[in-house]
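In the numbering used here, the protein residues as written are 5 to 126. The structure appears right after this line, and notes come after that.
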């Protein structure tokens, strides 16, 4: 933990109990580039009146139909290790995912895969 840089915030999971970590939060809300995000372990624990995207890691499942990586209808992104193939997901990637999801005007559906498009530079 001491080797990590940046502002580190601990969000409590189902089985997280520690006497060493002072602050375990139930959720954190952040605004990035005029978008609202709630970071929470279980999406059911997000504030009821939250109107942005919920980023969670609760749904441990290889069944991405039941627990998709991106759920446009519920505005959730499942960053559980199983959904991300055990790799971290940056906020830059999350912003790309949300932009992509919000740009689709068809009926909401469950999307199991997503690839960030290459940025075309002039």
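All C-beta atoms in this analysis are idealised placements derived from N, C-alpha and C, irrespective of residue type, glycine included.
Pop quiz: residue i and residue j are said to be a contact at Cβ under 8 Å. What is the actual Cβ separation, rounded to whole angstroms?
i, j, result
"residue 84", "residue 61", "5 Å"
"residue 29", "residue 41", "About 14 Å separates the two Cβ atoms, so there is no contact after all."
"residue 17", "residue 39", "Incorrect: roughly 24 Å between the Cβ atoms, too far for contact."
"residue 99", "residue 37", "6 Å"
"residue 76", "residue 108", "7 Å"
What are the start and end residues of the alpha helix (DSSP H) that includes residue i?
i, result
"residue 102", "95-106"
Just to confirm before moving on: does the CB-CB distance between residue i and residue j stay below 7 Å?
i, j, result
"residue 80", "residue 58", "yes"
"residue 73", "residue 82", "yes"
Locate the beta strand (DSSP E) running through residue i, then write down its first and last residues.
i, result
"residue 43", "39-44"
"residue 49", "Where residue 49 is concerned, there is no enclosing beta strand (DSSP E), given that its DSSP letter is neither H nor E."
"residue 31", "31-36"
Report the partner residues of residue i according to the DSSP bridge assignment.
i, result
"residue 13", "Its beta-bridge partners do not exist; DSSP assigns none."
"residue 58", "42, 80"
"residue 28", "14"
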